[in-house]
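Going by our numbering, the sequence shown opens with residue 1, and the numbers climb by one from there.
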Amino acid sequence: MTDLVQSFPVLHGATAPSGEQGRVGQTLAEQTSGASAPSGVSPWIIHPVFDFFFVSGGGVLLFLALNALFFGLTIPNGASTPGQRFALIAVLLGQHFFADAHNMATYMRIWGSDADRTRFAFYRTWLVWITGGLFVSGLVFPDLIGTFVYVYLISVFWHYAAQTFGIALIYCFKRGYKLSQFEKETFRWFIRSLTAFVIIRFLTFESMSPKNWFGVPIPFWGPLPTPLYLAAGAAVIISSAILTFIVLKKLVFERRFPPVPAFLLVATICALGFTSGTANALVWFYVPAFFHGSQYLAVCMAYSLKERGIPARDLWKTLPTSLCGTYFATVVVTGAFFYIAIPHVFAQLGFDYALIAGLVLAAVNFHHFVTDAAIWKLRDPYCRRILVE
């Protein structure tokens, strides 16, 4: 079976124990062909409340609702009212505790077990040197930084959408929502068509591309021909129509509705992709921390605990333990080192703080995107067993 998603974290990977490979492979093959989820499988990644707010997009929905109620369709600037200052502080803390930290979860995998250090040697050696070269080139030629950040902006929606696709499928497997190969591929192509539409729109209309990213001047590689944008929109309409037909058919003939968390995941990524103007900026304001970053870390935590033999039903009880605390503190402090300490140090050396912050963003995520595509392989039976059961 092809990979379910190309961008996702896995902690402390290991090979399946001796004698497990055949049994695990058979179980997963049965799930892939549409069999019901095995008995005893938790329908949640962590806990229903935790999943709603930090995995499936409920936190973003809550923030958007409160924002619309108190501030309207405006991004809090932190100066107008105490409420706006509170919203800005919440997003800033979420950025550091979830968004910045989630990049570090990738390093926890490739520098984890001896097997992983060997398996992913390229990504923790040569790719690190390539990333370091990218960083140095930005220091020597500051005009390149805008281009590096622009490439990040072009590719980041793909990264978000791929992760959303994978987690939505995990929820489907966990709840025994049967998907044939054709149905999974239809879902996959809907996500791909949405990703293509967003990227092409970004490169077609200059109004969708920021001229300045938190102090970093951004170029515009466009415009692409408008017919290409129209074709991308038509592909989204066709793929979404087919996917809707499949969901309705399953609802009518199988009496099965898609898992609510999976539905929320898709709704959130669609809001991120289809909105425009201020509404789109507002969704992007909350999504990195309280959707993408938080769900990444939630799955990391669940995987790490389950790999250590902690049953899924006990994951919620285990969160306050020293094991979770140590892991969370490690990724948060490491993220702060990259995203806060490094720009401040270089600013003291005379570099522009905004440019260095943008350079760190581009370099870290270059390594993050490429490495995730390699370490997150749901074809690995051991990995899939840990995630699904």
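Heads up, the beta-carbon is just placed ideally off N, CA and C, and yes, glycines get one too.
Around the beta carbon of Pro343, 16 or more other beta carbons sit within 10 angstroms, so the residue counts as buried. Taking 8 Å as the cut-off, the Cβ atoms of Phe214 and Ala357 count as close. Going by beta carbons, Leu243 and Ile200 fall outside the 8 Å limit. With respect to Gly146, Ile218 sits close: the two C-beta atoms are nearer than 8 Å.
Contact annotation: the segment 288-299 touches the segment 48-56, with at least three C-beta pairs closer than 8 Å. Residue environment for Lys306: buried (at least 16 other C-beta atoms within 10 angstroms of its C-beta). Val128 and Ala363 have their C-alpha atoms some 10 Å from each other. The DSSP-derived three-state label of Pro288 is helix. If you compare the alpha carbons of Thr131, Lys317, Ile45, Phe338 with that of Lys174, the shortest gap goes to Ile45.
Under the three-state reduction of DSSP, Pro82 is assigned to helix. Scanning Ile154, Leu251, Val283, Val345 for the CA closest to the CA of Asn67 turns up Val283.
Assigned with DSSP and collapsed to three states, Pro381 falls in helix. For Arg188, the enclosing alpha helix (DSSP H) starts and ends at 181-204.
Each of Leu169, Val266, Thr131 was checked against the Cα of Leu361, and the nearest Cα belongs to Thr131.
Beyond the five residues adjoining it in sequence on each side, Met104 comes within less than 6 Å, by CB distance, of Val331, Thr334, Gly335 in the same chain, given in chain order.
The Cβ-Cβ distance between Ala262 and Tyr171 falls below 8 Å.
Counting along the chain, the unbroken alpha helix (DSSP H) around Ser322 starts and ends at 322-336.
Per the coordinates, the alpha-carbon of Thr74 lies some 46 Å from the alpha-carbon of Gly309.
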